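Okay, structure first, notes after.
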RNA sequence: GGAGAGAUGACUGAGUGGCCGAAAGUAGCAGUUUGCUAAACUGCCGUAUGGGAAACUGUACCGAGGGUUCGAAUCCCUCUCUCUCCGCCA
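Residue numbers (the working numbering): 195 to 616.
Put into structure tokens, the structure is as follows:
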């Protein structure tokens with residue numbers, strides 16, 4: 195969530211930045227300021243009563259020791275009166291704090307300066323393009339036909355075992371999954387990332403920490419018996435490593451990479467655009483996460499973009515990078531770049547990576563700070579990006595590399611696959 | 001799953017009703033000194049939040065939440081987690 199400090203000190207700037215998302219949030223911000231002011235007033239009077247009460251308790255203690263029981267008993271009555279008032283003020287303060295917190299949770303991150311106003315994906319800005327239109331046969335097939343033809347993915351079997359959106363990868367299809375995961379992890383290690391393998395279920399506190407809760411409650415699989423959530427992305431467990439942590443300055447930047455399966459309910463989506471591997475309930479992804487000093491976070495974001503670019507280029511996939519407009523950005527993000535790979539047979543762009551800087555939005559919820567040279571605790575900036583998500587990469591690799599003899603596999607995967615064509 | 005023990009600051013660990021926001025040690029930071037790859041000594045060294053220009057000061061926090069009491073790290077209740085033993089098991 196946004197920091198109260200920012201809302202208080204840079205009110206108009208925050209309102210202007212939030213407006214880029216396509217909604218006027220000035221009412222919410224004014225409400226926050228009003229609640230904050232009330233809260234502080236309430237807190238001040240409560241603390242004055244508490245201080246008085248503490249003093250009386252001390253004096254009573256002293257009187258007892260001095261053997262002045264009568265005087266002590268008299269002062270107890272004073273204390274009782276204060277106690278009543280304290281109870282009332284405590285309730286009032288707790289209510290105000292709760293209201294303030296709820297309001298704060300509802301407000302999305304303020305987009306950074308580079309983000310343009312916009313409401314729909316059509317208003318996203320293409321900032322980079324690479325690659326050429328793949329040369330494929332006139333009768334080129336979409337990947338859902340190729341996966342059947344070469345027995346790479348069995349959607350029907352997944353339906354039987356679990357349900358729609360939970361495919362079974364088979365034979366060379368399964369091998370391709372493993373090859374991509376290893377390739378992505380190795381590339382990240384080369385780029386200086388540290389590998390972690392986190393849990394794929396997280397508790398409620400972690401869901402709040404990275405902003406999935408309460409915003410996206412319905413999008414996650416929820417094991418109610420244990421109150422655990424299946425992760426929608428490795429961002430959640432990997433970033434939550436740093437929840438309630440005060441880092442030393444020399445530990446930054448932290449660069450972690452992890453592979454996990456990801457689970458998304460995607461409630462309400464259906465139709466042809468979710469066909470095949472285009473949209474799944476369970477999929478594999480390698481995620482990169484960085485924890486950075488505020489002044490370096492945009493540089494870190496650039497580094498992450500370069501890393502993902504390199505992956506796409508090695509895979510030989512035509513792609514473009516979009517800078518998302520305010521309205522298309524996720525709740526917690528300050529700036530997001532999406533990578534889209536070109537699917538030759540479907541003749542459309544498929545999102546394969548989303549790389550974002552959250553500035554202090556997640557850090558504020560996570561309470562992840564670092565100690566500066568002069569001993570002050572400051573919130574860090576958090577960033578993450580897919581590097582990369584598998585299913586649509588597989589879709590594009592299959593579709594774009596098909597020829598009359600099968601499907602060519604890119605050079606970079608040969609050693610991982612143990613074969614060079616399907 | 002059963003039985004028992006426990007949860008205190010970055011770490012180890014003392015503290016069973018007021019003298020405790022908390023001993024001591026370690027680590028860290030600053031300095032002094034001796035010299036050699038380290039040691040000794042001195043000082044500083046939790047977090048959040050309110051007020052204040054600041055110095056400073058109020059409040060809360062000893063796993064979480066509630067209760068008893070004039071007063072709780074300390075007593076009571078609930079929950080969570082950890083450890084040990086047993087059971088089960090990849």
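Ideal Cβ positions, reconstructed from N, Cα and C, are used throughout, including at glycine.
None of these values were measured; they are calculated from a predicted model.
query                                                                                                                                                                       : result
DSSP three-state call for residue 233: helix, strand or coil?                                                                                                               : helix
Between the stretch 392-402 and the stretch 508-520, are three or more C-beta pairs nearer than 8 Å?                                                                        : no
By alpha-carbon positions, which one of 326, 481, 488 ends up nearest to residue 499?                                                                                       : 481
Report back the beta-carbon spacing between residue 584 and residue 337 to the nearest angstrom; my notes put them in contact at under 8 Å.                                 : Actually they do not touch by this definition, with Cβ atoms about 12 Å apart.
Ends of the beta strand (DSSP E) at residue 306?                                                                                                                            : Unbroken run through residue 306: none, as it is neither H nor E.
Between residue 365 and residue 335, is the Cβ-Cβ spacing less than 7 Å?                                                                                                    : no
To which residues does DSSP link residue 583 through a beta bridge?                                                                                                         : 479
Could you have a look at residue 242 and say whether DSSP puts it in helix, strand or coil?                                                                                 : helix
Entirely within the stretch 275-327 and at least 3 residues each: give me those beta strand (DSSP E) ranges in chain order.                                                 : 319-324
What's the gap between the Cα of residue 305 and the Cα of residue 197?                                                                                                     : 14 Å
Using DSSP's beta-bridge definition, name the partner residues of residue 174.                                                                                              : It is not possible to answer for residue 174, since the shown part of the chain is limited to 195 through 616.
So, for residue 373: in the same chain, excluding its five sequence neighbours on each side, which residues have a beta-carbon less than 8 Å away from its beta-carbon?     : 607, 610, 611
Counting Cβ pairs closer than 8 Å, one from the stretch 503-510 and one from the stretch 553-573, do we hit at least three?                                                 : no
Check whether the Cβ atoms of residue 511 and residue 535 sit closer than 7 Å, and answer yes or no.                                                                        : yes
Could you tell me which of 195, 410, 387, 329 sits nearest to residue 537, measuring between CA atoms?                                                                      : 329
According to the neighbour-count rule (16 or more other Cβ atoms, all chains shown, within 10 Å of its Cβ), is residue 351 buried or exposed?                               : exposed
Just to confirm my understanding: we take residue 229, look at its own chain, exclude 5 residues before and 5 after, and list those with CB closer than 7 Å. What are they? : 290, 293, 294, 297
Could you check whether residue 484 and residue 447 sit closer than 7 Å to each other, using their CB atoms as the reference points?                                        : yes
Spell out the partners DSSP gives residue 524 in its beta bridges.                                                                                                          : Note: residue 524 sits in no beta bridge, so no partner.
For the beta strand (DSSP E) that residue 448 lies in, which residues bound it at each end?                                                                                 : 448-457
Looking at residue 254 and residue 269, is the spacing between their C-beta atoms short of 7 Å?                                                                             : yes
Does DSSP classify residue 544 as helix, strand or coil?                                                                                                                    : strand
Alpha carbon to alpha carbon, how far is residue 308 from residue 377?                                                                                                      : 32 Å
With a cut-off of 8 Å, do at least 3 Cβ pairs link the stretch 399-415 to the stretch 549-559?                                                                              : yes
Applying the criterion that 16 or more other CB atoms from any shown protein chain within 10 Å of the CB defines a buried residue, is residue 423 buried or exposed?        : buried
Flag this pair as touching only if the stretch 434-448 and the stretch 484-495 have three or more C-beta atom pairs under 8 Å; answer yes or no.                            : yes
Could you pull the start and end residues of the beta strand (DSSP E) that residue 530 belongs to?                                                                          : 529-537
In the stretch 335-423, which residue ranges form an unbroken beta strand (DSSP E) of at least 3 residues, counting only runs that do not cross its ends?                   : 395-397
For residue 600, which beta-bridge partners are listed by DSSP?                                                                                                             : 597
Just to confirm my understanding: we take residue 222, look at its own chain, exclude 5 residues before and 5 after, and list those with CB closer than 6 Å. What are they? : 301
Look at the alpha carbon of residue 370 and the alpha carbon of residue 318, and state the distance between them as a whole number of angstroms.                            : 32 Å
Quick one, which of 226, 543, 217 has its alpha-carbon nearest residue 299's?                                                                                               : 226
With H, G and I counted as helix, E and B as strand and the rest as coil, what does DSSP make of residue 217?                                                               : coil
Just the C-alpha distance for residue 194 and residue 600, rounded to the nearest angstrom, thanks.                                                                         : Examination of residue 194 is not possible in this model, given that the chain is present from 195 through 616 alone.
Could you give the C-beta distance for residue 389 and residue 439, rounded to a whole number, given that I count them as a contact under 8 Å?                              : That belief does not hold up - the Cβ atoms of residue 389 and residue 439 are roughly 19 Å apart, past 8 Å.
For residue 602 and residue 557, what's the separation of their Cα atoms in angstroms?                                                                                      : 44 Å
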